[in-house]
Amino acid sequence: MMKVGVLGAGTMGSGIAQVAAQSGHEVFLVDLNQEVLGKAKSNLEKVLSRLVEKQKLSIEEASQIQNRITYSASTSDFKDCGIVIEAIVENINVKHTVFKELESIVSNDCILASNTSSLPIASIGSALSNPERIIGIHFFNPAPLMPLVEIIPAVQTATDIVTKAKNLISGWKKVTVLCKDTPGFIVNRVARPFYGEALRIYEEGIADFATIDWALTEIGGFKMGPFTLMDYIGNDINYTVTESVFAAFYYDPRFKPSFTQKRHFEAGFLGRKSGRGYYNYAEGAVMPEPKKDTQLGEQIVNRVLVMLINEAIDALFLNVASKEDIDLAMTKGVNYPKGLLAWAEEKSLPWVLSQLEVLFEEYGEDRYRPNPLLKRLVKQGVTRF
Ligand SMILES: NC(=O)c1ccc[n+]([C@@H]2O[C@H](COP(=O)([O-])OP(=O)(O)OC[C@H]3O[C@@H](n4cnc5c(N)ncnc54)[C@H](O)[C@@H]3O)[C@@H](O)[C@H]2O)c1
24 MMKVGVLGAG
34 TMGSGIAQVA
44 AQSGHEVFLV
54 DLNQEVLGKA
64 KSNLEKVLSR
74 LVEKQKLSIE
84 EASQIQNRIT
94 YSASTSDFKD
104 CGIVIEAIVE
114 NINVKHTVFK
124 ELESIVSNDC
134 ILASNTSSLP
144 IASIGSALSN
154 PERIIGIHFF
164 NPAPLMPLVE
174 IIPAVQTATD
184 IVTKAKNLIS
194 GWKKVTVLCK
204 DTPGFIVNRV
214 ARPFYGEALR
224 IYEEGIADFA
234 TIDWALTEIG
244 GFKMGPFTLM
254 DYIGNDINYT
264 VTESVFAAFY
274 YDPRFKPSFT
284 QKRHFEAGFL
294 GRKSGRGYYN
304 YAEGAVMPEP
314 KKDTQLGEQI
324 VNRVLVMLIN
334 EAIDALFLNV
344 ASKEDIDLAM
354 TKGVNYPKGL
364 LAWAEEKSLP
374 WVLSQLEVLF
384 EEYGEDRYRP
394 NPLLKRLVKQ
404 GVTRF
C-alpha cells in the first residue's frame, strides 16, 4: 500500500491524514508549526476514543490508526510517498515555492495533489518541472465526515494520474466526481445562488432572514437555510469565496457579492464563531420567528431553486462535469435534498425556463439570463438533460 504524504496539519490536512490512515495507509503529516502538529495528534486521539466508545472501532484498531501517522516538521519524510496532498495556506506564491520543494524530494512517479478551494490547479502545476503529475483533490470540511471529493485534472495532468487519483480516493470510501479546472470547481460554483439569491431577496425587502430560512428548509427541503448556513460557515469565509469566484469569472454579474454580507463581515458579525451573524447566538437571545406564509415561501423557494438549477445547467453546458457528477456533487458535498438537474427534470424544463424568463424580464439584469442549453432543450421539446 502506498505511503501517503499530507502537507499542512490544519483543519483540512489533519482530516485528510485521518482518512488515509483509517484506510490503512502509512501517513506522513508535515507542518511547519510544531504546536499545530501536537494539536492534530491530540485531536485525533479524542476522535478515535469517541469512535471506540461508540463501538465503531476496537481499541486495537484505534491505536493502529494513530500509529500509522508520523507527525513531522520535515518534508524530507515524503521521499517514499506515492502521493503527497498539500493543504497549506491558500496563497499561490507559497504553493509555488512549496511544490518546487516537494518535487525535489519525492520520487519521479509520486503524484502531487493540492486541496485548494479556489486556486487554479494549472497554475500550481506550473511550478513543477514535471507538471503531468499535478492534480486537484478537493475534500470538504470536515474531511473524515464529508463523503464528497472533487478530482480536478489540470490541462497539464496525465490521464493515468487522473485514473490513479480517482481510484485511490474512491478506495478511501469517498464519492469522487471529476471536474474541470474552473473557478469554484462544481460545488463552490453551483451553490453560489443559494447564498446570493437569498441575500438579494432579503435586500429587496421581500422577507427577513428567518422567513427565507424557513421557506428553504420547510418548503424547499434543504437541511439548513442559507442564513443559518452562512452563520455556520462564517461570513468572512463565505464572503471571501464569493468575492474570489466573482473575480475569477471576470466579474460576471451572476456571481456578484452582496453588500449585506460584506457589512456583516465588516462589522465582525461572522456567525456562530463570533456569537453574532445574521442571528444572535448570545446566551438568552431569542431567535426571530419566521412569517409562515406558504405563498411567500413558495415564491422564495422557486426563485432560489431556479437560480441554482441555472448554475448547474451552466456547469453542464460548459462541460465542467457530467450530469451525474454535478448532481452527486450537490447531494454529497452540500447535502441538497435532490440533484439540481434531476430536480429541474422533475419540475419540467419549460417551468424552469419560464421562471427565469419572468425574473430576467422584470429585472433586466444579466444575473437572471437563462442558460442557452436550457433554452435549446425547451425549444427542441427535450425533457431530460
Ligand atoms: N477549511 C476548509 O473548509 C477548506 C475546505 C476545502 C479546502 N480547503 C483548502 O485547504 C487548504 C488548507 O486549508 P485549512 O482550512 O486546512 O487551513 P489551516 O489554516 O487550518 O491549515 C493550514 C496549515 O498549513 C500550515 N502551513 C502553512 N504553510 C506551510 C508550509 N510552507 N509548510 C508546511 N505547513 C505549512 C500551517 O501551519 C497550518 O497548520 C487551503 O488551500 C484551503 O483552500 C479548506
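Residue numbers (this note's numbering): 24 to 408.
Think of the CB as a built atom: it goes at the ideal place given N, C-alpha and C, for glycine as much as any other residue.
Only a predicted model underlies this, so the values are computations on that prediction, with no experimental measurement involved.
Pairing Gln45 with Leu351, the inter-Cα distance amounts to about 24 Å.
The Cβ atoms of Val324 and Leu239 lie closer than 8 Å to each other. When Met35, Arg295, Gly219 are compared, the shortest CA-CA separation from Arg326 is found for Gly219. Using a C-beta cut-off of 8 Å, the region 261-280 makes no contact with the region 299-309, since fewer than three inter-stretch Cβ pairs fall below that distance. In the DSSP annotation of this structure, the continuous segment of the alpha helix (DSSP H) that includes Gly320 starts and ends at 317-340.
The straight-line gap separating the alpha-carbon atoms of Glu49 and Arg91 is approximately 5 Å. Note on geometry: alpha-carbon atoms of Leu52 and Val107 lie some 10 Å from one another. Between the alpha carbons of Met247 and Thr120 lies a gap of roughly 39 Å. CA-CA distance, Asp54 to Tyr262, rounds to 27 Å. For ligand 1, no non-hydrogen atom lies closer than 7 Å to the CB of Met353.
Going by DSSP, Phe250 is part of the alpha helix (DSSP H) stretching over 249-256. Taking a cut-off of 8 Å for Cβ pairs, the region 199-215 and the region 280-294 do not touch, as fewer than three such pairs fall below it.
Rounded to whole angstroms, the Cβ separation of Thr139 and Ile157 is 11 Å, and the two are not in contact under 8 Å.
Cβ neighbours of Ser81 within its own chain (closer than 8 Å, five residues either side excluded): Val75. An exposed status is given to Gln403, since fewer than 16 other beta-carbon atoms sit within 10 Å of its beta-carbon.
For Asp132, the shortest separation between its Cβ and any heavy atom of ligand 1 does not lie below 7 Å. Burial is judged here by how many other beta carbons sit within 10 angstroms of a residue's own beta carbon; Ala290 has fewer than 16 and is exposed.
Shortest Cα-Cα distance from Leu191 to any of Ala43, Met35, Tyr359, Pro393 involves Ala43. For Val198, the closest of Ala96, Pro395, Val172, Val343 by C-alpha to C-alpha distance is Val172. In the structure shown, the three-state DSSP call for Glu173 is strand. About 7 Å separates the CB atoms of Val268 and Arg212; that is less than 8 Å, so the two are in contact.
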